[in-house]
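Student: Pasting a structure below so you can have a look.
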Amino acid sequence: MKALLALEDGTVFPGRSFTGAGEAQGEAVFNTAMTGYQEVLTDPSYKGQLVSMTYPLIGNYGTNNEDVESDRIQVEAFLVKEYLPFPSNFRCRFSLADYLKQGRVLGLEGLDTRALTRHLRNFGAMRVAASTENLDPQALIEKARSIPPMLGLGLVDQVTTSQAYIWAGGKKSGFPEREKKNPWKVKDSSYRVVVLDCGVKYNILRSLEKRGCQVLVVPAQTQAREILEYQPQGLLLSNGPGDPAANPGIVQTVQNLLGLLPIFGICLGHQIAGLALGGTTFKLKFGHRGANQPVKYLKTGRVEITSQNHGFSVDISSMNDPEVELTHINLNDQTLEGLEHKRIPLFSVQYHPEASPGPHDASYLFDHFLSLMEKQRRK
Amino acid sequence: MPKRTDIRKILIIGSGPIIISQACEFDYSGTQACKALREEGYEIVLVNSNPATIMTDPEMAQRTYIEPVTAEMVAKIIERERPQALLPTLGGQTGLNTAVAVAEMGVLEAFNVELIGASIPVIRKAEDRDEFRKAMWKIGLRVPESVIVTSLEQARESAERLGYPVIIRPSFTLGGTGGGIAYNREEFELLVSSGLEASMNHQVMLEQSVLGWKEYELEVMRDFKDNVVIICSIENFDPMGVHTGDSITVAPAQTLTDREYQAMRDASLAIMREIGVETGGSNVQFAVNPANGELVVIEMNPRVSRSSALASKATGFPIAKIAAKLAVGYTLDEIPNDITRETMASFEPTIDYCVVKIPRWTFEKFPGTEDYLTTSMKSVGEAMAIGRTFKEALQKGIRSLEIGRFGFGADGKDLTGLSPDEIGQKLRQPNSQRLFYLKAALESGMSVSEIYDLTGIDPWFLHNLVQILEMEKTLQGRSLGTLPPDLLRQAKEYGFSDVQLGHLLQVSPQDIFQKRRELKLLPVYKLVDTCAAEFEAYTPYYYSTYEMEDETRPSEKERIMILGGGPNRIGQGIEFDYCCVHASLTAREEGYASIMVNSNPETVSTDYDISDKLFFEPLTHEDVRHIMEQEKPRGIIVQFGGQTPLNLAVGLEQVKAPIIGTSPDSIDRAEDRERFKALLKKLGLIQPENGTAFTTAEALAVAEEIGYPVVVRPSYVLGGRAMEIVYEPGALETFMAKAVLVSPGHPILIDKFLEQAVEIDVDAVSDGEKTVICGIMEHIEEAGIHSGDSACVLPPYTLDAGQIERIRNNTYALARELGVRGLMNIQYAFKGETLFVLEVNPRASRTIPFVSKATGVPWAKVATRVMLGQTLDSQGLQGEIVPGHVSVKESVFPFLRFPGVDTLLGPEMKSTGEVMGIDQGFGPAFAKSQLAAGMDLPLSGTVFISVKDPDKIPILATAKKLARLGFNIMATSGTSRFLEEAGVINQTVNKVREGRPHVVDLIKNGEIQLVINTTIGSKSVSESASIRQTALLHRVAYTTTVAGARATTEAIEALQQKTLSVRTIQEYHEGLKNRA
Ligand SMILES: Nc1ncnc2c1ncn2[C@@H]1O[C@H](COP(=O)(O)OP(=O)(O)O)[C@@H](O)[C@H]1O
Ligand SMILES: Nc1ncnc2c1ncn2[C@@H]1O[C@H](COP(=O)(O)OP(=O)(O)O)[C@@H](O)[C@H]1O
Ligand SMILES: [Mg+2]
Ligand SMILES: [Mg+2]
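Top to bottom, those sequences are chains A and B.
Heads up: take any position in the first sequence, counting from 1, add 345, and you land on my numbering.
Heads up: take any position in the second sequence, counting from 1, add 40, and you land on my numbering.
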């Protein structure tokens, strides 16, 4: 089925739908990972975005029940060069096309995705509209221009959990009202971690559980006081979509908790930590999305190949609190990738130590979080 | 960490001659290393016996030794040069094993030379199958169940326990040398013995088979700060059981989820750390069980490898260059990625296209071996293709192979009329034609799952093939006029060539081209940039595809386009790539923008910094024409890439290609028999009596007329393809039957065979006015043995001044008459005092690099300048140079890989590569050439002599000399009697048919150290075949010609006197100054 992708600057790309009729709008971004499209599709940080994969052959291994990062497909639409309708993998359950159809998400193929990538690289991520019904370029361009820009856009509310849940055995389990004061299952020494859900990827929860943590996931708007009532030993600020600066409430919450318990921020969580520490954020021209971003850990001089997905960044020059140490930088564009507070137990990274998709080089950061909680317990 | 300053001088070991599994890729890596380390200010000492390499060009390293790559020679070089470090990881398995041997001799300690890149323990841990196995267990990775043995006895015991099929894998080898799959006890015994022979430490691993599992390779780099990155993942189209070198391979991996891929990545990192490769590139091979994803480790190579070259070309990431820099102390985050400039080498390339590599085999040259593929590599070259879809890349890859096919069938050459059994058998048993049997299978209605069951080829690949076939069916029988443009576009997106489309739509390829032009349906060119366009790329490395956006940047300079040689094959290899590289470099020096077109990933010419623009494309009329019309070059050079571009020349000229140098018409005058005859007559030159024939009847008539024996061959072929000497009509008929297939439409050429003639190769360069002889090479073997196979000497060693003068004059005359502009190569033969012209090739020849190294003049560069309009005088070329030193070229053969093939040399070329031996005298120079070619000459012991009657008198002197040198002599009855009478004491030994113990028994028992065996006529040939076979398998020195025997004897004498010394090519060239 013929389809059209129109950019706000008037550029149009012809393509075909491999998921039937549909329409979508949002910000167009590209991801350079060669594997892991299912993880990308289900990553809540992609809310509000149409994702184009730079790797041209997509669908090869289908989709399965394990490689999900949330309970639904999050991208607004999926843009590829060639869709391969014959998945081959022992874990495959559904073809990608069926998977997208079930999620009512538009999938376009036959696009010159390299041209699109070059365009976004040169002129920045921009608003686009895709459609199989409305094939009039002008109308579609107008539609692209009509939607709100990503700058200043808060999207956390659309992806955060409506109510708190325990993550155990690799899945969500709610708890009755009466346990609300103390939902923890085990009372023993295993670390109790509250995850502030701004659109958390399951693999963050899996990574914590794998290390013996008890994981309580709470809505993004949960207040500091409530969080403390759970008596957690650590707080994890999760990844998530949208403009970090559009979340003053969450920033406030974090500020209230500074110093009271170990805090670990990931991606949006890192940006929020940065804001809470008095820094500012800005929108990158086209962001970092992929599984090959080199990050230098300044303490050891070691380079990590990291999984990344962010369109905003903490302004490195705005982090001038002498108590804040800049720990990680991106070797491609020297942007800030990680920070740590010298006095209070807080550290955060812009990239994704939980990977999924991507290399596992940075998983040590979860262990670091555990050691922080251990120190705290000793005190 | 900045580079190390405690080392100043570094020794690099090259990989020696081109052999199966060790080809130009190691020239590519070595050349990159030399450049990289020189730009860091290190002094480079290089040893490599292969003269056809760019790395041995005098300006690549400061001190270049074209000497045998053996422990003894390298020791001599170390003693003379005193380098502080030795870099062993860039010369393939040869470099690595030689380094280990040198270390074991204690030489490295003695002169405290540090191994950089990989230490001895590391090499052991990786290459010793037992140590490797243990290492894997230690880090909790699985390997197939296996037993390590060092003797046949041990092997027998374990075989039963493992159960057949058993995989035999020798230690310290590559290309699966000496390994294989044993399905029964007989094969088992054979393979184990050959495996033990092949292994440096007489160790083989017997391993449980995981045949049919998916095979993967990861290219890994590590710096000494323990930063590790994956450069590229490769998935094999052919599952486990077919050597990766013989497999169609695809980058990146296609059918792995991120989970499975990351598990493989984690494993690779763990392996790098456990094995302890401090710095540089390695490759790790895995097998995956398609049923449950179970992962086992197959091997790792702690060095740059064939696949690293492929990975470099597939991603644009210069693995060898970076490896070299890491070896001297840099870390990945300190080395800029010169493709993006703004980013560093410490990242993982990501690609936005699909790469397909397809091997090129030459089974047709080895009648007597079965065409099947196993764990021991048999291909002699490969083509790589890039596309935005697998379908496009695969079809481009197939037409890059230059096997007369233009895609996945649909080119009028599809296999037809095959029985289901035939198809089934060909699918089950991997072979060089399997791709085309897959096509046949699909057409016959076989389902993907049936084919999967037979082949183990992942359904994902098979379904792609189905899509190509479906497109074919949609197009079939339609008419071009009414064909919807969208359909035509989709066909091009699927990689269909105009030849295929013409065939399907019943029109000529030109018609398709015209139509596409009207529709503006032309390819765009996209960049290979390591980063999927995330950053701007500066390196001009392009591939074609059918999409929206073209990325080529117009170069304001005038452009010169060079057509490369395509995949390596016997008869057309690295020598031609060497010439193309020189052409490109020269064009740039002369202020032009050079454009390289080639499809061979092993080569230096496809390195992105050799040319101003690199187009990684098939060398077909269509693909070249597209580039030509896009780039509008001022000139196109076709005479350097061997026969490939020559064959395109005429067609390209018809579409107004500005071909520079010798005109296609002159080329045709030399190639076309009748026109060539006329030419010689005009010049009063003699050629062997000859005629041409299209039919068997004609052939018999011609042969009758000129008299047997005759040399017969198809025209327009290289490397003496399908060429034979026939002694009687019967043989001629059999030949005609086959020959017509090899080059259809072209006549069969029949020459009087010149017996006992001395062959001479001449290379010359001409500017149309003046002609200068680059070198005159006298063959050691007599005419009848292909010029590419026989050893040759420069300057000639038996010809007298008068004869040489005649050769010169004939050469001048031919060059003038043909209006040669650039290089030409002529083969002459002296029979008695008559000088015959065997053939004239108005193009660069195989010997140009050898001659350039011998004479110190870069002849390909001289020729390029001529083509660009400069005269020889204006280049200040003094004239012919006759060196005072002796240079010997010896050929290297792949017989060991083709069990059952007779090693007898003939007019059909069989060698894969060559080596050069240089010294002051013939004896030592020839001795070096033999050492370099891996022939261990005995210094004492027993010689076996058995020669045909015409050779008896000629061999006498040699026999006497051998006796004098202290050898016992054994001979077969006839020869024995003759020698006896001539006063040479010798023992008579049984011919094979005369009963046992016969000569073959003696060879097997190690009682014979040298075999001299010449034969004539098919009967005695077949009788003596077993002698040559046994000699080969037991690595006993042998020669099949009198001249070879004579030379060998001189070499043995030289070796006995221990006079071999080493000297750099720069020193030799110094000595040549003003010799002209
Ligand atoms: N256990 C096995 N079962 C089946 N095939 C195997 C096994 N081990 C190796 N092979 C095949 O043999 C080939 C050569 O083995 P490898 O160890 O890579 O030799 P080399 O070191 O010469 O590359 C591999 O590419 C693979 O296809
Ligand atoms: N008339 C002949 N008599 C003897 N040997 C010949 C004759 N013609 C060709 N040969 C041998 O065959 C070899 C191959 O022939 P050539 O014309 O050089 O083929 P190619 O074009 O493949 O190099 C020559 O090198 C020579 O040794
Ligand atoms: Mg190996
Ligand atoms: Mg291997």
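Think of the CB as a built atom: it goes at the ideal place given N, C-alpha and C, for glycine as much as any other residue.
1) Report whether the distance from the Cβ of B:L458 to the nearest heavy atom of ligand 1 is below 7 Å.
2) Using a C-beta to C-beta distance shorter than 8 Å, which residues of chain A count as neighbours of B:C394?
3) Nearest to A:V538 by alpha carbon, out of A:P482, A:D502, A:P607?
4) Going along the chain, which residues of its own chain have a beta-carbon closer than 8 Å to the beta-carbon of B:T702, five neighbours each way excluded?
5) Relative to ligand 2, is the shortest distance from any of its heavy atoms to the C-beta of B:P728 smaller than 7 Å?
6) Residues in the same chain with beta-carbon distance under 7 Å from B:D67, minus the five sequence neighbours each way, listed in chain order, please.
7) Cα separation between B:A327 and B:L523?
8) Going along the segment 366-384 of chain A in order, which residues come within less than 9 Å of chain B, judged by CB to CB distance?
9) How would you call A:Q576, buried or exposed, if buried means at least 16 neighbouring beta carbons within 10 angstroms?
10) Whether or not the segment 670-690 of chain A and the segment 549-565 of chain A are in contact is what I'm after, with contact meaning three or more pairs of Cβ atoms, one per stretch, closer than 8 Å; do they touch?
11) Identify which residue in B:N504, B:G517, B:G449, B:S1060 has its Cα closest to the Cα of A:Y428.
12) Quick check on B:F734: buried or exposed, where buried means 16 or more other Cβ atoms within 10 Å of its Cβ?
13) Compile a chain-ordered list of the residues in the segment 321-355 of chain B whose CB is closer than 9 Å to at least one CB of chain A.
14) Less than 8 Å between the C-beta atoms of A:P430 and A:A422, yes or no?
15) Going by beta carbon distance, what residues of the same chain come within less than 7 Å of A:V531, once the five residues before and after it are set aside?
16) Is A:G683 closer than 8 Å to A:G587 when the C-beta atoms are compared?
17) What is the rounded straight-line gap between the Cα of B:G218 and the Cα of B:R313?
18) Which residues of chain B have a Cβ atom closer than 8 Å to the Cβ of A:S397, listed in chain order?
19) DSSP three-state call for B:Y477: helix, strand or coil?
20) Can you list the residues of chain A that B:A577 reaches, using a CB-CB cut of under 8 Å?
21) So with Cβ pairs under 8 Å, would you call B:P947 a contact of chain A?
22) Taking A:S701 as the reference, give the member of A:K516, A:V545, A:E353, A:S507 with the closest Cα.
23) Would you mind sorting B:M588 into buried or exposed? The rule is 16 or more other CB atoms within 10 Å of its CB.
24) Roughly how many whole angstroms lie between the Cα atoms of B:V244 and B:S191?
25) Looking only at its own chain, which residues have a Cβ that is under 7 Å from the Cβ of B:A222, when we skip the five neighbours before and after it?
26) Taking the alpha-carbon of B:I379 as reference, which of B:E462, B:D306, B:L545, B:T570 has the nearest alpha-carbon?
27) CB A:G393 to CB A:G371, shorter than 8 Å?
28) State the Cα-Cα distance for the pair B:T1028 and B:S1016, rounded to the nearest angstrom.
29) Give the residues from the segment 238-258 of chain B that approach chain A closer than 9 Å (Cβ to any Cβ), ordered along the chain.
30) 8 Å is my cut-off, CB to CB: does A:G646 come that close to chain B?
31) Regarding B:R305 and ligand 1, is the C-beta to nearest heavy atom distance less than 7 Å?
32) Count Cβ pairs between the segment 56-73 of chain B and the segment 609-624 of chain B that sit closer than 8 Å; are there 3 or more?
33) Is the closest heavy atom of ligand 1 to the C-beta of B:E247 under 7 Å?
34) For B:T429, return the contacting residues in chain A, with the cut-off set at a CB-CB distance below 8 Å.
35) Could you give the residue range of the beta strand (DSSP E) that holds A:E649?
36) Using three-state DSSP, classify A:A474 as helix, strand or coil.
Tutor: For this structure:
1) Sequence index remark: in the second sequence, residue 458 of chain B carries index 418 (1-based). Answer for B:L458: no, Cβ out of range of ligand 1.
2) In the second sequence, the residue the question calls residue 394 of chain B occupies position 354. In chain order: P401, L402.
3) As a first step, residue 538 of chain A must be located in the first sequence, where it is residue number 193. It is A:P607 whose Cα lies nearest to the Cα of A:V538.
4) Counted from its first residue, the second sequence places residue 702 of chain B at position 662. Contacts found: Q679, L858, G859, V860, R861, G862, M864, P882, R883.
5) Within the second sequence, residue 728 of chain B is the residue found at index 688, counting from 1. At least one heavy atom of ligand 2 is nearer than 7 Å to the Cβ of B:P728, so yes.
6) In the second sequence, residue 67 of chain B corresponds to position 27, counting from 1. Around B:D67: T93, I94, M95, I614, V644.
7) Indexing the second sequence from 1 puts residue 327 of chain B at position 287. Indexing the second sequence from 1 puts residue 523 of chain B at position 483. Cα to Cα, the separation comes out at about 45 Å.
8) F375, T377, A378, M379, T380, G381, Y382, Q383, E384
9) Indexing the first sequence from 1 puts residue 576 of chain A at position 231. Counting Cβ neighbours within 10 Å, A:Q576 comes out exposed, since fewer than 16 surround it.
10) no
11) Numbered from 1 along the first sequence, position 83 holds the residue referred to as residue 428 of chain A. Nearest C-alpha to A:Y428: B:N504.
12) Numbered from its first residue, the second sequence carries residue 734 of chain B at position 694. The residue is exposed, with fewer than 16 neighbouring Cβ atoms inside 10 Å.
13) N329, P330, A331, N332, G333
14) Position 85 of the first sequence, counted from the first residue, corresponds to residue 430 of chain A. Position 77 of the first sequence, counted from the first residue, corresponds to residue 422 of chain A. Not a contact, by the Cβ cut-off of 8 Å.
15) What you label residue 531 of chain A is simply residue 186 of the first sequence in a count that begins at 1. Q559.
16) Taking the first residue of the first sequence as 1, we reach residue 587 of chain A at position 242. Taking the first residue of the first sequence as 1, we reach residue 683 of chain A at position 338. Cβ distance not < 8 Å, so A:G587 and A:G683 don't count as in contact.
17) Along the second sequence, one-based indexing puts residue 218 of chain B at 178. Along the second sequence, one-based indexing puts residue 313 of chain B at 273. Distance between the alpha carbons of B:G218 and B:R313 is about 29 Å.
18) Against the first sequence, residue 397 of chain A aligns to sequence position 52. Simply none; closest approach about 11 Å.
19) Working through the second sequence from its first residue, we reach residue 477 of chain B at position 437. Three-state result, B:Y477: helix.
20) Position 537 of the second sequence, counting from 1, holds the residue named residue 577 of chain B. Per Cβ cutoff of 8 Å: no residues; B:A577 is ~10 Å from chain A at best.
21) For the purposes of this step, residue 947 of chain B is identified with residue 907 of the second sequence, where counting begins at 1. No, B:P947 lies away from the interface with chain A (no Cβ there is under 8 Å from its Cβ).
22) Position 356 of the first sequence, counted from the first residue, corresponds to residue 701 of chain A. With distances taken between Cα atoms, A:S701 lies closest to A:V545.
23) Taking the first residue of the second sequence as 1, we reach residue 588 of chain B at position 548. Flag for B:M588 reads exposed.
24) Here residue 244 of chain B is taken as the residue at index 204 of the second sequence, counted from 1. Here residue 191 of chain B is taken as the residue at index 151 of the second sequence, counted from 1. Distance between the alpha carbons of B:V244 and B:S191 is about 9 Å.
25) If you number the second sequence from 1, residue 222 of chain B lands on position 182. Correct list, in chain order: Y204, P205, V206, I208, F228, L231.
26) As a working mapping, residue 379 of chain B is identified with position 339 in the second sequence. The residue with the shortest Cα to Cα distance from B:I379 is B:T570.
27) Taking the first sequence and counting its residues from 1, the one referred to as residue 393 of chain A is at position 48. Taking the first sequence and counting its residues from 1, the one referred to as residue 371 of chain A is at position 26. Cβ distance < 8 Å, so A:G393 and A:G371 count as in contact.
28) Within the second sequence, numbered from 1, the residue matching residue 1028 of chain B stands at position 988. Within the second sequence, numbered from 1, the residue matching residue 1016 of chain B stands at position 976. Between B:T1028 and B:S1016, the C-alpha separation is close to 6 Å.
29) none
30) Taking the first sequence and counting its residues from 1, one reaches residue 646 of chain A at position 301. True, the Cβ-Cβ gap to chain B drops below 8 Å.
31) As a working note, residue 305 of chain B is residue 265 in the second sequence. Checking the Cβ of B:R305 against ligand 1 gives no.
32) yes
33) Translated into the one-based positions of the second sequence, residue 247 of chain B becomes position 207. Yes - ligand 1 has a heavy atom lying nearer than 7 Å to the Cβ of B:E247.
34) Position 389 of the second sequence, counting from 1, holds the residue named residue 429 of chain B. Under the 8 Å cutoff, chain A gives P401, L402, K426, E427.
35) Walking along the first sequence from the start, residue 649 of chain A turns up at place 304. It spans 647-659 - the beta strand (DSSP E) in which A:E649 sits, taken as one unbroken run.
36) As a working mapping, residue 474 of chain A is identified with position 129 in the first sequence. Looking at A:A474 - three-state DSSP - the assignment turns out to be strand.
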